[in-house]
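For reference, the structure is listed below as structure tokens.
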Amino acid sequence: MNPAVLFLLIGSVYLVIIAYGVVRTRKRGLPPRARILLAAVQVVPPPLLLFGALLTTGDAFAIGGWGIMLAMLLVAGALLALCTDLVARRLL
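For the sequence shown, my numbering assigns the number 17 to the initial residue and increments by one for each residue that follows.
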């Protein structure tokens with residue numbers, strides 16, 4: 017499978033799960049600290065686990081290239097969680 021297609025597939029699913037999780041915590045009526053904690057649990061582990069799996073390969077070129085992409089995915093997930101929470105507050 018093409019690496020770009022693989023990244024788009026993983027990234028899209030990751031961001032959809034984050035958005036769904038943030039809206040779900042907002043619908044449950046959880047306090048702000050709990051929502052932030054649950055959003056962090058959804059945002060941080062997947063890229064770190066993928067990076068850990070990448071480290072096991074030992075390929076410096078792949079680690080350098082995909083490591084940057086996974087870091088950007090982590091930042092995108094954090095921004096998406098923040099924006100989704102702001103939008104969900106107004107809509108729900």
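Beta carbons are placed, not taken as given, at the ideal position from N, Cα and C, and that holds for glycine.
Along the alpha helix (DSSP H) that carries residue i, what are the first and last residues, could you check?
i, result
"T100", "A76 to L107"
"T41", "P19 to R44"
"P48", "P48 to V59"
Pick out whichever of the options has its Cα sitting closest to the Cα of residue i.
i, options, result
"L65", "W82, A35, F77 and I52", "W82"
"A20", "A78, L98 and G93", "A78"
"A69", "R106, P47, R51 and L86", "L86"
"P62", "A92, R49, A76 and K43", "A92"
Is it buried or exposed, residue i, if we count other Cβ atoms within 10 angstroms and call 16 or more buried?
i, result
"I34", "buried"
"A55", "buried"
"R4", "In this structure the chain extends from 17 to 108, so residue 4 is not present and cannot be described."
Please go through the same chain and pick out, in chain order, the residues whose beta-carbon is closer than 6 Å to the beta-carbon of residue i, but skip the five residues on each side of it.
i, result
"A97", "I34, V38, A55 and V59"
"G74", "none"
Can you list, in chain order, the residues of its chain whose CB lies under 7 Å from that of residue i, leaving out five sequence neighbours each side?
i, result
"T100", "A35, V38 and V39"
"A104", "V38, V39 and R42"
Tell whether a beta-carbon distance below 8 Å holds between residue i and residue j.
i, j, result
"G107", "G27", "Per the sequence presented here, residue 107 reads as Leu, with Gly not at that position. It is not a contact, given that the beta carbons lie outside the stated cut-off."
Please return the same chain residues whose Cβ sits closer than 8 Å to the Cβ of residue i, not counting the five positions on each side in sequence.
i, result
"G45", "none"
"L31", "A92, G93 and L96"
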